[in-house]
Every structure is written in structure tokens, then in C-alpha cells.
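S.K.:
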Amino acid sequence: MELSLILEYGWVLLLLVALEGLLAADNALVLAVMVKHLPEEQRKKALFYGLAGAFVFRFGSLFAISFLVDVWQVQAIGALYLLFIAANHILRKFLVKKGEEEAEVTKETKKSGFWLTVFKVELADIAFAVDSILAAVALAVALPDSGLGHIGGLDGGKFFVIFAGGMIGLIIMRFAANLFVDLLHRRPGLEVAAFGIVGWVGVKLAVYTMSHPALAILPEGFPKSTEWKITFYAVLIGIALAGWFLSKEKQEVPVEEKAS
Numbered sequence: 002m003e004l005s006l007i008l009e010y011g012w013v014l015l016l017l018v019a020l021e022g023l024l025a026a027d028n029a030l031v032l033a034v035m036v037k038h039l040p041e042e043q044r045k046k047a048l049f050y051g052l053a054g055a056f057v058f059r060f061g062s063l064f065a066i067s068f069l070v071d072v073w074q075v076q077a078i079g080a081l082y083l084l085f086i087a088a089n090h091i092l093r094k095f096l097v098k099k100g101e102e103e104a105e106v107t108k109e110t111k112k113s114g115f116w117l118t119v120f121k122v123e124l125a126d127i128a129f130a131v132d133s134i135l136a137a138v139a140l141a142v143a144l145p146d147s148g149l150g151h152i153g154g155l156d157g158g159k160f161f162v163i164f165a166g167g168m169i170g171l172i173i174m175r176f177a178a179n180l181f182v183d184l185l186h187r188r189p190g191l192e193v194a195a196f197g198i199v200g201w202v203g204v205k206l207a208v209y210t211m212s213h214p215a216l217a218i219l220p221e222g223f224p225k226s227t228e229w230k231i232t233f234y235a236v237l238i239g240i241a242l243a244g245w246f247l248s249k250e251k252q253e254v255p256v257e258e259k260a261s
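For the sequence shown, the numbering used here gives the first residue as 2, with consecutive numbering after it.
1. Could you work out which residue in Tyr50, Leu39, Gly170 is closest to Val131 when comparing CA atoms only?
2. To which residues of the same chain is Pro220 closer than 7 Å at the C-beta, ignoring the five residues directly before and after it?
3. Would Gly200 pass as a contact of Leu84 if the rule is Cβ separation under 8 Å?
4. Does His186 come out as helix, strand or coil in the three-state DSSP assignment?
5. Would a C-beta distance cut-off of 8 Å place Ser271 and Gly158 closer than the cut-off?
6. Does Ile172 come out as helix, strand or coil in the three-state DSSP assignment?
7. Consult DSSP for Ile78 and reduce its assignment to one of helix, strand or coil.
8. So what's Leu83 in DSSP terms, helix, strand or just coil?
9. Sort Lys205, Ala217, Ala128 by Cα distance to Val236 and report the nearest one.
10. Determine the extent of the alpha helix (DSSP H) in which Glu228 is found, giving its start and end residues.
11. Is DSSP giving Leu39 helix, strand or coil here?
12. So, using beta-carbon positions, are Ile66 and Ile134 closer together than 8 Å?
13. How many angstroms separate the CA atom of Ala141 from the CA atom of Ile163?
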């Protein structure tokens, strides 16, 4: 691989790590609320089983999507889904108070037994996994081919970037979520920015879909053009900077807001 190609792949992987970290922190907070009614030992087991299930699902989904990634209908559904979850989260963030949302989740889970809670955590993890994989695919598909062979219908280098992003998200959710939870508490605007980026990544996947030869709404080479890449990353960085500088910094993190 040429140096420029390695740098481009490395930049996308770095973006994925940052995005996965912020999303994993938000996901970890949701899971913490879902299991907090259980005794401590059962709480740890429920989270462990949930994460184990998420690992299996992500791994299986990644191989499935490697065969479907060139199907424009799959790309279109992925783009619409990313745009939906971004808009839904941002609207809920401004229209529903956090305390009310946590109370709603707690109300749904407080009477659940251990295995029912595990099942709900599994479902939540699967939803998080879908978000993560689609965001990774949207960032990776427009990368130049790496020349490292193919896995399914996906270039080997792109497959590695998507796989690494998904696994890093799980690792962060399990071991480093508290660091990102602290960051989100100090800079709450980053949570909105993270989902703003998810929406913008959805736009990128939509652009990639519209350039598919079967549709040809946009020129086939447009998603890989320098002009589009500069526009995409300029807007992405702008969203991230807005989330950082427009959020009021807080100094202390209440213990109850930390993820378990």
C-alpha cells in the first residue's frame, strides 16, 4: 500500500475510534440504567452476557454485510437508518429531559428478572451494533481499494477498517466507557455532535448510493472525488468543533452518572 493510502485508511480508522467512543459512552449509560435494579453481581453478569451477544452479532453481521455492501437497496436503507437515528436522538435530546428518559427506562426494567434483563440488554446491544456497523460501512465504502484481496464483496482493507471500528466500540463500551462518560458530562454538546456526525455519515452513504451504476443519479466517481472528500471532512470537523466549543463545560461528574 502507498503511504497516501495508508494515511487515508488511518484517518478513517481514527475517526471511527473517536465516534465509537462517544457512541459507546452514550450506549453504556443506557445499559447502566437498564441493569441498575439488579444486585451488583447479577448486574455485572447481565452486562457481560449482553456484550458477549453483541460481539457475536457484530462479527456475524460484518460477514453478512460484506456480501451485501454493493447492493444499492442495502446502501439506501443504511443511509435512511443513520439519518433516522441521528434525527430521532437529537430531537429527543432537546424535547425530552434526561431525567424523564432515564425514569422511563428504569420503569420498564425495574420489575424485570435477571434473564429478562439480559434479553433486553441483548436487544439494546444489537441496536447499538447496527448503528456502529452502518456508520463504519458508510465511512469506509468510499475509500480507495487497498489491493489486499476481497472478503465477500468487500475490499480486504475496507473490511479490516469496519471490523476494527466495531471491535474498538465494544472494547470502549466494556473497559473505557467511563472516560468518555466523563468527557460527555464535561462537554454535553459532544453527544449531540456525535449523532450529528452519524447523520452526516448517513448523507455520505446516501451520496455513495446515488452514485451506484444502477441509479446513476450522481456520477459514479463523485464519492471518491477530492471535492466531495474535502466537503465531507470539513463539515464533519465543523460539527465536532461546534459540539466542543458550544457546550458549557462542567467540572464534576456525579457518581450515579458513571457507567457501571
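Where a beta carbon is used, it is the ideal one built from N, C-alpha and C, also for glycine.
Keep in mind the model is a prediction, meaning the values are calculated, not measured.
M.R.: This is what the structure gives:
1. Gly170
2. Ser212
3. A contact, by the Cβ cut-off of 8 Å.
4. helix
5. This structure leaves residue 271 out entirely; the chain is present only between 2 and 261.
6. helix
7. helix
8. DSSP places Leu83 in helix when its eight states are reduced to three.
9. Lys205
10. 227 to 246
11. In the structure shown, Leu39 sits in coil (DSSP, three-state: anything other than H, G, I, E or B).
12. yes
13. 7 Å
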